[in-house]
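First the structure, in the form of structure tokens, and then the observations on it.
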Amino acid sequence: MNLRPTLLLGMILSIILVASSDSFARGGDGEGPSIVQVEKTTDGWQLLRNGEPFFLRGGCIVRGGVSPELLDLFTELKNAGGNCIRLWATGPGTMGILDAAHEHGLGVFLGLWMDHPVGHVDSAGAFFDYTNVNAVLSQIESLRVQVELYKNHPALVAWGVGNEMAHLTAEADAETLEVRMIWRAVNQTAAMVKEVDPNHPTVAVTAETGDWHQIDNATQLANWCPNIDIWGINAYETMPQIRDKVESGPWDRPYFIPEYGPQGWWSSPQCSWNTRIEHSNNVKADWYKNGWVNSIEGESDRCLGGFAFAWDTLDSPLDSWWTMFDHEGRPTECIDVLYEAWNGTPSKNLSPVVTGIEGLNCPTYQAGEMIVAELLATDPEGDVLEVDWLIGREVFDANGGYLWETTGACDYLVQGGGLNLEVEVPEAPGAYRLVAWARDSGGRTGVATTPFFVDGEIPEGEVPMPFPVDDYYGPSGFMGASWILNRSNTASPNGACGGTAHKFTVNAPPIAIWAGCAWQFPTNNWGTAPGLEIMSGGTAVKFLAWSDKPGTVLDFFVGTEGTDGFSVNLDGVELPLEPTEISIPL
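Here's what the structure looks like:
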């Protein structure tokens, strides 16, 4: 997907559509709801599901609908000894996921998504005002519908009441009244859940224990959230300290870990140009293993379990920080260590052990110079490994921030090659990442990456033409009746390095209704943050589009008058059934 625009602020590429379909069907085949209770015993706390102890051995699923790939992930989780998945929110595909999870013998920790407040660290465009009582009550009533819809599904284990709601900037955190109202809204929502569904516990999920806030999360929960049964603590590199932090605070109920994994990018070392240095698969596997064995299972008198992030395939072969699988679903060593921890015996076929890329340590090159690298990798069964080497634009911005939902193009240097690489660096200056995926003959893989920089001047700091939209912009700006849309990633017609195709599944009531999605830089930027500066001389925005349903008509536009100073529309486009290039002249 190539973009050649002249705009200097945030570009918006929007899809607006009218669609209809059948209403949601209830799942569960008439089977009664599960009954889940939190119980305190003489030995500590435990979760009971239908009267039996249920220690959460879970995986985080980041997709929103059922697909063959999702079913494979469920099978892998069940075979590894897992028993539950986590979803952050509900959507058009939720009932299907619940049904599929139940068929695989898996429970579901189901999130009720509460809009993030103004000043949230991870949502630059967040706008929700929790001091607005009417808005809070309206949101609660909207969530009530979701609780009514899914409460009787036998796969349901617990309700996640929001996610990291008070993960605020220092400036927003200083507004103590506003912060208190956020916590009160969490408690009000939990009270509604208990009223509608007394059979499943409520969970408030926070970013770590929040001891950097003016008032830490434990104190806020203890003071304002009596309707929360379990504290969900997302933790990565701080996992070894979580139990001590919980014990030192006023929270007197159990907790579990809704997200855990390797060291987070936010605390990882950086190169001189601020990008992040990523651990190899082998080091990440140790984080998963030690996190589970020592900080979850080892604290099982109060910790009720945890969910590995992310038990899913991510969008691009470049984007490997959180993945436990490659982009085609092959498991890595991160899966192997949990399989052994949960089953007590190792998997019959182990993944390649990848410990790094030798010869590169944040190097800077001049155009025309050569990269010489060796992947340090072996296979436990002695297989000869095949290595895919690729280069792509950096997945971190100039400040070291992770570019969420960017799924940009890349270049395969070698596919199915060996452990050694010698290749000329790209001509265009800028930050890049070299990625090596090693796979064995048994369908398992491992990865290592390293950043590098090509020196040179980009005029006035602007992005040169042409460039792939997904290198910079993310499809984060849902508009209109956004609940009818479910976005997922699918294979690009141009292959894995052609970027990622964005698949929009529509599930709408049989009335005239519209919804859209904006590609934004940075993601969730509705004009409140500076947009991307782009060199002049652009002539068109080009992309491939198609539909599996004849007669699908969409409107496209680039830019908005309010934030970009111009808008170009392409209305009434009937999508073909095969991938076809569409060009919007600027």
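In the numbering used here, the protein residues as written are 420 to 1005. Each residue gets a CB set at the ideal place from its N, CA and C atoms; glycine is no exception. Everything numeric in this text was worked out from a predicted model, so none of it was measured.
Residue i vs residue j beta-carbon contact at 7 Å
i	j	result
L778	S699	A small fix is needed here, since residue 778 is Gly in this sequence, not Leu. Not in contact: G778 and S699 (Cβ atoms no closer than 7 Å).
N653	E614	no
V972	V960	no
C936	P1004	no
N905	G510	yes
G724	F474	yes
T457	H619	It is worth fixing the name first, because residue 457 is Val in this sequence and not Thr. Their beta carbons are not under 7 Å apart, which means V457 does not touch H619 by this criterion.
G512	T588	no
A704	A796	no
G956	T982	no
C916	Y831	yes
W730	G991	no
G865	V773	yes
V576	C503	yes
S739	P573	no
Q903	A948	First, the amino acid is wrong: residue 903 is Ile here, not Gln. Their beta carbons are not under 7 Å apart, which means I903 does not touch A948 by this criterion.
I559	M611	yes
F1032	T694	Outside the modelled stretch of the chain, which goes from 420 to 1005, sits residue 1032, for which no answer is possible.
P681	W706	yes
Inter-residue Cα distance where the pair is residue i and residue j
i	j	result
L737	H586	28 Å
G484	W464	33 Å
D462	I480	32 Å
S561	N988	33 Å
G801	T979	57 Å
G896	K459	44 Å
C722	I715	6 Å
M514	F728	22 Å
P912	T628	44 Å
E567	D616	8 Å
P771	P799	7 Å
G470	K570	18 Å
G647	E841	According to the sequence as given, residue 647 is Ile; it is not Gly. Approximately 56 Å, taken between the alpha carbons.
G1016	L492	The question about residue 1016 has no answer here: the residues shown for the chain are numbered 420 through 1005.
A520	F528	11 Å
N709	A855	25 Å
L963	G717	50 Å
R863	C753	11 Å
V665	G984	51 Å
V925	D974	15 Å
F726	V888	33 Å
M898	R662	41 Å
G861	E495	14 Å
Chain-order list of residues whose beta-carbon lies under 7 Å from that of residue i (same chain, five-residue window excluded)
i	result
Y549	P536, V555, E597, M600, I601, A604
M954	P878, E881, V882, P883, M884
D592	V598, H632, Q633
Q785	D874
G500	R476, Y758, W761, N762
P669	A637, T638, A641
G524	K497
N390	A question about residue 390 goes unanswered here, because the residues of the chain that appear run from 420 up to 1005.
A508	G530, W532
G683	Y655, E656
P998	P912, L963, W965
V552	none
Sequence-distant residues of the same chain with beta carbon closer than 6 Å to residue i, five excluded per side
i	result
G581	M533, V605
Y891	F940, L951
F744	T732, P750
K922	S907, T909
Beta-carbon contacts of residue i that lie in its chain and below 8 Å, excluding the five residues immediately before and after
i	result
E843	G787, E788, M789, I790
P765	D755, Y758, E759
T696	The sequence shown places Ile at residue 696, not Thr. These residues qualify, in order along the chain: S687, P688, Q689, C690, C781, T869, P870.
G651	G579, V622, A623, V624, T625, Y674, F675, I676, P677
P472	Q465, L466
L490	A519, H523
The segment 591-601 contacting the segment 530-540, beta-carbon criterion three pairs below 8 Å: yes
Meets three-Cβ-pair contact criterion under 8 Å: the segment 842-858 and the segment 916-935: no
Contact the segment 961-971 vs the segment 933-944: 3+ CB pairs below 8 Å: no
The segment 831-838 in contact with the segment 797-808 per 3-pair CB rule at 8 Å: yes
Three or more C-beta pairs below 8 Å linking the segment 684-694 and the segment 864-873: yes
Length at least 4, wholly inside the segment 545-597: the alpha helix (DSSP H) runs in chain order: 552-569, 589-592
Whole alpha helix (DSSP H) elements within the segment 436-506, 4-residue minimum: 487-499
Contained alpha helix (DSSP H) runs [length at least 4] in the segment 740-828, N- to C-terminal order: 752-762
Beta strand (DSSP E) runs contained entirely in the segment 887-962, provided each spans 3 or more residues: 893-899, 904-909, 920-925, 934-939
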